[in-house]
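Numbering (this note's numbering), first residue to last: 130 to 333.
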């Protein structure tokens with residue numbers, strides 16, 4: 130089984146995926162932490178949004194193919210980010226202007242790339258969307274305390290969540306992926322992972 134996570138930045142995807150991997154004894158593939166990001170991402174205002182976007186894609190997409198291979202072999206694998214599959218549904222919308230504005234010289238190239246990714250990248254069996262209220266999200270953002278979140282002023286873009294959820298629902302329909310929407314709370318990642326595990330058992 131190939132399980133992927135989606136949701137707002139700082140919604141707890143990586144920590145919940147890691148905890149779920151321990152519970153299920155499944156391989157877990159995680160995004161690099163901010164401390165491991167190269168200069169081209171840390172200085173995206175200078176290097177350009179497309180450069181940063183494609184670096185993240187280069188890091189994340191192999192994990193999707195690794196997950197697909199693991200599934201083919203009959204194993205279970207968890208990926209903490211389904212971003213590259215879903216972004217084709219919302220890139221260019223006002224809430225994501227911080228990611229890449231439509232007047233960026235590379236916007237058309239990025240749009241073409243993410244449309245192909247929507248169709249061609251490996252698809253999860255189950256997509257877990259961590260849904261949270263704005264107060265909980267702000268609390269999570271403060272705890273993570275990431276420089277990138279502040280520089281991009283993410284706290285001003287809570288409306289991203291509904292667009293990402295819409296993308297997840299569309300992916301569930303078009304890609305035949307089961308969608309679990311899990312209410313994220315201020316508890317431990319283990320608590321959330323146990324609730325995900327219980328919902329997954331409905332598909333067993």
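Cβ coordinates follow ideal geometry from the N, Cα and C atoms, glycine included. Bear in mind the structure is a predicted one, so any value in this text is a computation, not a measurement.
| Query | Result |
| --- | --- |
| In chain order, which continuous runs of the alpha helix (DSSP H) of length 4 or greater are located wholly inside the stretch 279-315? | 289-303 |
| For a test of the three-state rule: what should DSSP assign to residue 156, helix, strand or coil? | strand |
| Looking only at its chain, what residues have a beta carbon closer than 6 Å to the beta carbon of residue 192, apart from the 5 residues adjacent to it on each side? | 158 and 208 |
| Kindly identify the DSSP beta-bridge partner or partners of residue 132. | 207 and 255 |
| Leaving out the 5 sequence neighbours to the left and right, which residues in its chain are closer than 8 Å to residue 188 when beta-carbon positions are compared? | 160 and 161 |
| Ignore the nearest five residues each way along the sequence and tell me which others in residue 141's own chain have a CB closer than 7 Å to its CB. | 259, 269, 313, 318 and 321 |
| Have a look at residue 247 and residue 214 and give me their C-alpha separation to the nearest angstrom. | 5 Å |
| Tell me whether the beta-carbon of residue 210 lies closer than 8 Å to the beta-carbon of residue 153. | no |
| Can you tell me whether residue 219 is helix, strand or coil according to DSSP? | coil |
| Three-state secondary structure (DSSP) at residue 235? | coil |
| Taking 7 Å as the limit between beta carbons, can you name the residues of its chain near residue 288, skipping five residues before and five after? | 224 |
| From the DSSP secondary-structure annotation, give me the bridge partner or partners of residue 260. | 312 |
| Counting pairs of Cβ atoms below 8 Å between the stretch 221-236 and the stretch 145-152, do you hit three or more? | no |
| Check whether the Cβ atoms of residue 132 and residue 239 sit closer than 8 Å, and answer yes or no. | no |
| Let me check understanding here. Comparing Cα to Cα, which of 298, 303, 315 and 316 lies closest to residue 309? | 298 |
| Is there at least one non-hydrogen atom of the ligand GDP closer than 7 Å to the beta-carbon of residue 150? | Here there are no bound small molecules, and the ligand GDP is not part of this structure. |
| Just to confirm before moving on: does the CB-CB distance between residue 293 and residue 181 stay below 8 Å? | no |
| Assuming residue 138 and residue 283 make a contact with CB atoms under 8 Å, what is their CB distance in whole Å? | 6 Å |
| Determine the DSSP secondary structure at residue 141, reduced to helix, strand or coil. | coil |
| Where does the unbroken alpha helix (DSSP H) through residue 197 begin, and where does it stop? | 178-201 |
| So the candidates are 295, 230 and 307; which of them puts its Cα closest to the Cα of residue 178? | 230 |
| Have a look at residue 200 and residue 251 and give me their C-alpha separation to the nearest angstrom. | 11 Å |
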